[in-house]
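Structure record follows, encoded as C-alpha cells.
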Amino acid sequence: MYERRSSDSAPPPAPLGTTARLRPPSDVHIGDFVHLDDMFLRVQDMRAAGTAAQRVLIFDGHPPWVMRQSTITYRPIELT
1 MYERRSSDSA PPPAPLGTTA RLRPPSDVHI GDFVHLDDMF LRVQDMRAAG TAAQRVLIFD
61 GHPPWVMRQS TITYRPIELT
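Taking the working numbering, the leading residue of the sequence shown gets 1, the next gets one more, and so forth.
Below is the structure:
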C-alpha cells in the first residue's frame, strides 16, 4: 500500500471562487492567483520576459516571479 511521505506535495485546494488549471505563461491573466511561498498571490501586472514562453508576474507585497513553464493558476469564476 502506498503511503504519502511528508515530502510529497499535493497542490493546495483552490481559493474560494476560483478554478485551478494548468496554464502556460502566455495564458495567465491579470487577476489570476498563483501559489508561491505557501501563499496565494494575485497577479497585479505582468511583463514579457524575452519570449512569449516566459512572463514576469508582478504581485503586491511580493517580489516579481518569472514564470518559465506551465503552472497551476487559479482564475476567478466569472458569473454571467
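Backbone N, C-alpha and C fix where the C-beta goes; we use that ideal spot for every residue, glycine too.
Asked                                                                                                                                      : Found
What distance in whole Å lies between the Cβ atoms of residue 33 and residue 41, which are believed to be in contact at a cut-off of 8 Å?  : 7 Å
Quick one: any contact between the segment 25 to 32 and the segment 67 to 78, if contact means 3 or more CB pairs under 8 Å?               : yes
By the three-class DSSP mapping on this structure, what secondary structure does residue 25 have?                                          : helix
Answer with buried or exposed for residue 66, where buried requires no fewer than 16 other C-beta atoms within 10 angstroms of its C-beta. : exposed
Using the Cβ count rule (16 or more neighbours within 10 Å means buried), how would you classify residue 1?                                : For residue 1, the predicted model reports a pLDDT of 47, less than 50, meaning its position is unreliable; a value from the coordinates is still stated below. With fewer than 16 Cβ atoms within 10 Å of its Cβ, residue 1 is classed as exposed.
Within the continuous beta strand (DSSP E) that includes residue 38, where are the two ends?                                               : Per DSSP, residue 38 belongs to no beta strand (DSSP E) and is neither H nor E.
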